[in-house]
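K.L.:
Please find one structure pasted underneath; my questions will follow.
Chains as they are written, first to last, in our numbering: chain A, 2 to 129; chain B, 56 to 349.
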């Protein structure tokens, strides 16, 4: 499977910069998935969860509270206001989840997007 | 002699000052490390944001010939200009605040001479105090933000001006701050926030004709992006100004500590000389007393 570069940048620095297989992004017009070779696109991001499938086929979720995404053919750049990694391989997952919820609540303007993102965070907590 | 006592007192007083300046230097260098780190990280974000803005602007440029967006429309003869300066809340940092004020004054004079109405807004106690003293009217002022920058307050502060710009109350917004370059240098930065200065944004020659934009009316995204860009520029200005302040203070305090050291040395030499003199005088007195007894 062809890989593409994904970069997630927050005001606190670059939090993700690696090759990935696929990424699912909460765009303002709806969630969309991006694979390598996607048509160029710029979109607003809504509050939600970015799901990354890494080159080792692992899933990483990152909660974000809005921002922008630029999809190029071989590179995707997410510029977000705030982000929290949900299931990075650390033990204090509960902390990360709580932080994520707080972040989402702080950013939540549209309750629809918020509710769906919250549900996602919750289900993630259960599934692990 | 009485002189001896005076010198001794002076030496201990200078030593006390030296202790204070040394402590302040240490505090500043610790704070600088943190501020520098934050500024460095933010720089990445700022550059990515600028990159994104540039690409969209370029795409709009290509599709419409000329960008027709209020944020980009350059007014050739601005009649009202907003100047925003960022100074520190505290002094004792050498010429740091003065540099900012000097540049702001220069701008005020330039626009004033050209007959342009200028409104001044400022962040930081020192700059505000200066303009208050000089009876310069200020539109907006905020203290405490430059010592601990936070994004929300920064964006609230600048948003007021952005709203004015959209409402046509001002034609231009300029931000002045003394930015951090490295440990020993700060640089005055004068940045035009609105209308967005396209010369700052690199346009690369890659054709982006197939770039899709979502939501697909350009203005929603552009609007949000430009606002973000301006808010972030303001915030970044605060961060780099804070780092600059600490580096300036570190330098100033370092120089002060050195100067105090030199002074202590000079005074010690003076003290020793005075002491020697006193001894010599005493000896002469004794000897001449003995002579007179003979």
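The beta-carbon is built from N, C-alpha and C at its ideal position, and this holds for glycine as well.
Check whether the region 153 to 169 of chain B touches the region 309 to 324 of chain B, counting contact only when three or more Cβ pairs, one atom from each stretch, lie closer than 8 Å.
P.N.:
no
K.L.:
Is it the case that the Cβ atoms of residue 137 of chain B and residue 227 of chain B are separated by a distance below 8 Å?
P.N.:
yes
K.L.:
What residues of chain A sit near residue 107 of chain B, judged by a beta carbon separation below 8 Å?
P.N.:
Residues of chain A passing the Cβ test: 43, 69, 71, 78, 80.
K.L.:
Identify the continuous beta strand (DSSP E) that holds residue 86 of chain A and give its terminal residues.
P.N.:
Run containing residue 86 of chain A: 84 to 86, per the beta strand (DSSP E) assignment.
K.L.:
Could you tell me the distance, in whole angstroms, from the CA atom of residue 303 of chain B to the CA atom of residue 51 of chain A?
P.N.:
41 Å
K.L.:
In or out: residue 312 of chain B buried (at least 16 other Cβ within 10 Å) or exposed?
P.N.:
buried
K.L.:
Output needed for residue 326 of chain B: all residues of its chain with C-beta closer than 8 Å, excluding positions within five of it in sequence on either side, in chain order.
P.N.:
Only 59, 62, 63, 66 meet the Cβ criterion.
K.L.:
So is residue 279 of chain B in contact with chain A if we call contact Cβ pairs under 8 Å?
P.N.:
yes
K.L.:
Quick one: what's residue 2 of chain A bridged to in DSSP?
P.N.:
Note: residue 2 of chain A sits in no beta bridge, so no partner.
K.L.:
How would you write the range of the alpha helix (DSSP H) that residue 155 of chain B sits in, first residue to last?
P.N.:
151 to 168
K.L.:
Here's a check: name, in chain order, each residue in its chain whose Cβ is nearer than 6 Å to the Cβ of residue 92 of chain A, leaving out the five neighbours to either side.
P.N.:
Any reading at residue 92 of chain A must be qualified, since the residue scores a pLDDT of 49, below 50, and its modelled position is unreliable; the value itself is stated next. So no residue of the chain qualifies.
K.L.:
With 8 Å as the threshold, decide whether the Cβ of residue 62 of chain A is near any Cβ in chain B.
P.N.:
no
K.L.:
Of all the options B:173, B:281, B:244, B:145, which has the alpha carbon lying nearest to the alpha carbon of residue 218 of chain B?
P.N.:
B:281
K.L.:
Considering just the uninterrupted stretch of the alpha helix (DSSP H) at residue 217 of chain B, what are its terminal residues?
P.N.:
206 to 221
K.L.:
Using beta carbons (cut-off 8 Å, strictly below), is residue 11 of chain A in contact with chain B?
P.N.:
yes
K.L.:
For the beta strand (DSSP E) containing residue 67 of chain A, name the first residue and the last one.
P.N.:
Residues 60 to 72.
K.L.:
Quick check: the region 83 to 94 of chain B against the region 289 to 302 of chain B, are there 3 or more CB pairs under 8 Å?
P.N.:
yes
K.L.:
Report the residue ranges of all alpha helix (DSSP H) runs contained in full by the region 303 to 344 of chain B; include only those spanning at least 4 residues, in chain order.
P.N.:
none
K.L.:
Taking the CB atoms as reference points, tell me whether residue 4 of chain A and residue 37 of chain A lie closer together than 8 Å.
P.N.:
yes
K.L.:
Examine chain A for any beta-carbon lying closer than 8 Å to the beta-carbon of residue 267 of chain B, and answer yes or no.
P.N.:
By this cut-off, residue 267 of chain B is an interface position.
K.L.:
Per DSSP, residue 102 of chain B forms a beta bridge with which residues?
P.N.:
The partner list for residue 102 of chain B (beta bridge, DSSP) is empty, contrary to what the question assumes.
K.L.:
Are the beta-carbon atoms belonging to residue 83 of chain A and residue 11 of chain A less than 8 Å from one another?
P.N.:
yes
K.L.:
Please identify the residue among B:293, B:211, B:287, B:222 whose C-alpha is closest to the C-alpha of residue 125 of chain B.
P.N.:
B:222
K.L.:
Nearest by alpha-carbon distance to residue 46 of chain A: which of A:33, A:14, A:56 is it?
P.N.:
A:33
K.L.:
Look up residue 174 of chain B in the DSSP assignment and give the residues it is bridged to.
P.N.:
B:137
K.L.:
Got a sec, what are the start and stop residues for the alpha helix (DSSP H) residue 239 of chain B sits in?
P.N.:
Where residue 239 of chain B is concerned, there is no enclosing alpha helix (DSSP H), given that its DSSP letter is neither H nor E.
K.L.:
Quick one: what's residue 232 of chain B bridged to in DSSP?
P.N.:
B:141, B:244
K.L.:
If you pair each beta-carbon of the region 92 to 110 of chain B with each one of the region 11 to 23 of chain A, do three or more pairs fall below 8 Å?
P.N.:
yes
K.L.:
On the DSSP bridge list, what partners appear for residue 65 of chain B?
P.N.:
Residue 65 of chain B is not bridged to any residue.
K.L.:
Are the region 194 to 206 of chain B and the region 167 to 179 of chain B touching by the rule of at least three beta carbon pairs closer than 8 Å?
P.N.:
yes
K.L.:
Which class does residue 38 of chain A belong to by DSSP, given the choice of helix, strand or coil?
P.N.:
When DSSP states are grouped into helix, strand and coil, residue 38 of chain A belongs to the coil group.
K.L.:
For residue 82 of chain B, which three-state DSSP category applies?
P.N.:
Under the three-state reduction of DSSP, residue 82 of chain B is assigned to helix.
K.L.:
Is DSSP giving residue 130 of chain B helix, strand or coil here?
P.N.:
coil
K.L.:
Would you mind reading off the limits of the beta strand (DSSP E) that contains residue 14 of chain A?
P.N.:
14 to 28
K.L.:
So who's on the other strand from residue 268 of chain B, going by DSSP bridges?
P.N.:
A:43
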